[in-house]
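For the sequence shown, our numbering gives the first residue as 1294, with consecutive numbering after it.
Here a beta-carbon is modelled for each residue, glycine too, at the ideal position from N, C-alpha and C.
Please read all numbers here as calculations on a predicted model, not as lab measurements.
Notes follow the structure.
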Amino acid sequence: MNPDTKYTKNGDINIAYQVFGSGPIDLVYIPGWVSNIDWMWACPELVSFLTELGKITRIILFDKRGTGLSDRVAELPTLEERMDDIREVMDAVGSQKAVLFGHSEGGSVSALFAATYPNRTISLIAFGIFAKRIYAPDYPWAPTNEERQEVYDMIENSWGSGEMNLESLAPSKANDKVFMDWLANYFRSGASPSAAMILTKMNTEVDIINILGSIKVPTLILQRTHDIDVKIEEGRFIAERIEGAKFVEFEGSDHLFWTGNTKVILEEMKAFILKIRPKPVYEKRLWTIIVGRIMPSKANSPRHQKFIKQYVKEYRGNIVQYNTETFTATFEGPSRAVQCSMDLVDKIRDLNAQLTIGIHIKECLVGNPVNKEIEDFATLVFKKPIPNQILLTQTVKNLLVGTHVNFTPHKTIFETESGESLLLFIVTEKIRHTIEINKVDHNTMFQKDSFLEKVLQNIDDHLGNEHFGVEMLCREIGVSERQLQRKLKAITNKSPNKLICSVRLHRAKELILRQQSTIAEIAFQAGFSNPSYFSKCFKKEFSVSPSYFASGILNGYS
1294 MNPDTKYTKN GDINIAYQVF GSGPIDLVYI PGWVSNIDWM WACPELVSFL TELGKITRII
1354 LFDKRGTGLS DRVAELPTLE ERMDDIREVM DAVGSQKAVL FGHSEGGSVS ALFAATYPNR
1414 TISLIAFGIF AKRIYAPDYP WAPTNEERQE VYDMIENSWG SGEMNLESLA PSKANDKVFM
1474 DWLANYFRSG ASPSAAMILT KMNTEVDIIN ILGSIKVPTL ILQRTHDIDV KIEEGRFIAE
1534 RIEGAKFVEF EGSDHLFWTG NTKVILEEMK AFILKIRPKP VYEKRLWTII VGRIMPSKAN
1594 SPRHQKFIKQ YVKEYRGNIV QYNTETFTAT FEGPSRAVQC SMDLVDKIRD LNAQLTIGIH
1654 IKECLVGNPV NKEIEDFATL VFKKPIPNQI LLTQTVKNLL VGTHVNFTPH KTIFETESGE
1714 SLLLFIVTEK IRHTIEINKV DHNTMFQKDS FLEKVLQNID DHLGNEHFGV EMLCREIGVS
1774 ERQLQRKLKA ITNKSPNKLI CSVRLHRAKE LILRQQSTIA EIAFQAGFSN PSYFSKCFKK
1834 EFSVSPSYFA SGILNGYS
């Protein structure tokens, strides 16, 4: 009998999960590429593998955002969002600490989770894992740009059909029509073509090489010798860079762990899981660290300090040092640190001061993250401070999948304590030139539809009412919440809440174009009670902050 499927929320996104097994140890399975936790149970081979693991562990399955039974997403998920989903599912089932078992691309985010949250990770097991998904001289086994384009073309033209070359994932099952039909159905039920494309492009951008050395939990890397999807050299490369990691090579060509010689794989995993005695507390973990300098120093008033602390807190960061000129803050991941930095630069500029910010990611003590390397990095960033500039190291840049942030190389190189040379990059934020600023009309955002026009008009009529939501909208137009959800999803591919927010933001953009009110006033006029939250939503919708958009208008951008 299949386990019950349940849901937990990470923000607005519903994450589907299942729990089964009788063992005393929790194991979270992070699937590769796409999945469907209901459809897993239609594959006897996969069921047999998971059932065996369930004899010694309590297994927690989930569909990552954008796949399977979880909510679809319109944009690339960030690695922090992916890690948050894992934590949210663990919290939902009361798991304080678990073994992470990541397959393929799921192994990459598992590795980052283990480095970031070692005190919630018993051990890390990865099968067919990669550290990068695009060719580079320091990682020559990954696919080339041309080879990745072939995957994009396959998704575009042949998603879920027999032309996907699925046999390459499980050569031992190539002549098993029942299995291959299941696998094609599994992928189709796991993601639509557009969702599969989003996730594939996210995978292309993954680069966890520089954080491998920060993984300190017991680690087991498993790989088949002739796997053509992820080369054996990739597994060796990763294991060599994780302190104490055990690498086990198996005969065969299958990329799927539940086909081929599964018995020896299960024996290796069981022995590893049962042998590990988790460390009570890890004193170090991976932190993303902001160092900031206010210019001129006399401009650093209690008012500036208040907003800096407020913004850092909103992005789940923590101020660890603050003085008359500089401050240091820690974050659990790089995308929050970068988005917070961009908001801070905008806000402090509005207060007639300027900021220079540097962002680095480093394994540091949990209670005292400021060490010599961070101090050296701050010295480098502040040596010749440029107003309103955000510098970040190559390690940070490599982990910013899905953030829509632009970068330009900086001529400076940062030498770490370990002797590693890291390139620095400048965060650049540009108004999209495709926007015709004199022709913004939210009614043209979506396909014309009489029902939709009625919905849009109703949202417009209540634009300034911050309490207006789905329940009131349903009453006004005379439909149930389920009907509204279904119709809007079919017409716009947006939930009612997302549509209301999007309409508010497009109307706010029109108001900014008129240049008759301040950003804060426009936020209230568009139904946002918190200008800071408005700025965050605006940036997510248009990839540019409202103040930067306004400054672009004044400077004649179009």
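Closest residue to residue i among the options (Cα-Cα distance)
i	options	result
Phe1670	Gly1660, Tyr1428, Asn1661, Thr1686	Thr1686
Ser1844	Lys1829, Gln1818, Ser1836, Ile1805	Ile1805
Ala1477	Val1557, Gly1421, Trp1452	Trp1452
Tyr1615	Lys1802, Met1495, Gln1598	Gln1598
Lys1829	Asn1661, Asp1636, Asn1699, Leu1777	Asp1636
Ser1388	Ile1352, Ser1363, Gly1400	Ile1352
Glu1576	Glu1560, Ile1501, Gly1660	Gly1660
Met1495	Gln1818, Arg1358, Leu1745	Arg1358
Arg1517	Lys1832, Glu1544, Thr1672	Glu1544
His1755	Arg1779, Ile1793, Lys1787, Leu1781	Ile1793
Val1574	Ala1564, Ala1622, Ile1415	Ile1415
Thr1409	Ser1773, Glu1656, Phe1540, Ser1840	Glu1656
Pro1317	Asn1303, Lys1348, Val1340, Lys1299	Lys1348
Ser1810	Thr1785, Ser1788, Pro1839, Glu1834	Pro1839
Arg1797	Ile1784, Ser1822, Asp1753, Ile1812	Asp1753
Lys1606	Pro1589, Phe1624, Arg1529, Ile1306	Phe1624
Leu1393	Ser1401, Asp1377, Leu1417, Arg1380	Leu1417
Ala1429	Thr1497, Ser1634, Ile1514, His1703	Thr1497
Asn1503	Ser1401, Met1562, Leu1559	Ser1401
Classification of residue i by the beta-carbon crowding that lies within 10 angstroms, buried from 16 upward
i	result
His1396	buried
Arg1800	buried
Arg1768	exposed
Ser1711	exposed
Leu1567	exposed
Glu1713	exposed
Gln1311	buried
Ala1488	buried
Ser1315	exposed
Ala1424	buried
Lys1509	buried
Ala1309	buried
Pro1627	buried
Close-in-space but distant-in-sequence residues of the same chain around residue i (CB under 7 Å, 5 per side omitted)
i	result
Pro1464	Ser1546, Asp1547
Ile1679	Thr1649
Ala1335	Trp1475
Asn1412	Val1574, Tyr1575
Asn1681	Val1638, Arg1642, Gln1647, Leu1648
Ile1601	Phe1620, Leu1637
Leu1549	Leu1462, Ala1463
Span of the alpha helix (DSSP H), counted from its first residue to its last, around residue i
i	result
Asp1474	1470-1483
His1703	No alpha helix (DSSP H) holds His1703; the beta strand (DSSP E) holding it covers 1699-1708.
Leu1644	Run containing Leu1644: none; DSSP gives neither H nor E here.
Ser1341	1337-1346
Ala1671	1665-1676
Asn1790	1789-1807
Lys1568	1555-1568
Val1382	1372-1385
Ser1828	1824-1835
Limits of the beta strand (DSSP E) - the one that residue i falls within
i	result
Asp1319	1318-1323
Gly1395	1391-1396
Met1588	1577-1588
Thr1350	1350-1355
Leu1693	Element bounds for Leu1693: n/a, residue is neither H nor E.
Phe1761	No beta strand (DSSP E) holds Phe1761; DSSP gives it neither H nor E.
Asn1303	1299-1303
Phe1600	No beta strand (DSSP E) contains Phe1600, which is instead part of the alpha helix (DSSP H) from 1595-1607.
Ala1622	1619-1624
Ile1815	From DSSP, Ile1815 is part of no beta strand (DSSP E) but of the alpha helix (DSSP H) over 1812-1818.
Glu1498	Element bounds for Glu1498: not the beta strand (DSSP E) but the alpha helix (DSSP H), 1486-1498.
Same chain, Cβ closer than 6 Å to residue i, five either side skipped, listed in chain order
i	result
Gly1483	Val1327, Ser1328, Asn1329, Thr1360, Gly1361
Ala1385	Thr1301
Gly1762	none
Gly1399	Ile1323, Pro1324, Gly1325
Ile1652	Ile1583, Ala1630, Leu1685, Val1689
Ile1812	Pro1839, Ser1840
Short CB-CB distance (under 8 Å) between residue i and chain D
i	result
Tyr1445	Among the chains of the structure shown, chain D does not appear; only one protein chain is present.
Same chain, Cβ closer than 8 Å to residue i, five either side skipped, listed in chain order
i	result
Gly1757	Phe1817, Gln1818, Ala1819, Gly1820
Ala1467	Glu1460, Met1473
Lys1390	Asp1319, Asn1412, Arg1413, Thr1414, Ile1415, Pro1571
Val1444	Pro1436, Thr1493
Ser1788	Asp1305, Gln1778, Leu1781, Lys1782
Asn1307	Tyr1300, Thr1301, Ser1363, Asp1364
- Message: In chain order, what are the residue ranges of uninterrupted alpha helix (DSSP H) at least 4 long that sit wholly in the region 1428-1466?
- Response: Counting whole runs of 4 or more residues, the region 1428-1466 contains the alpha helix (DSSP H) stretches 1438-1451.
- Task: Can you check the region 1503-1530 for any beta strand (DSSP E) of at least 3 residues that lies completely inside it and give the ranges in chain order?
- Result: The region 1503-1530 contains these whole beta strand (DSSP E) runs: 1512-1517.
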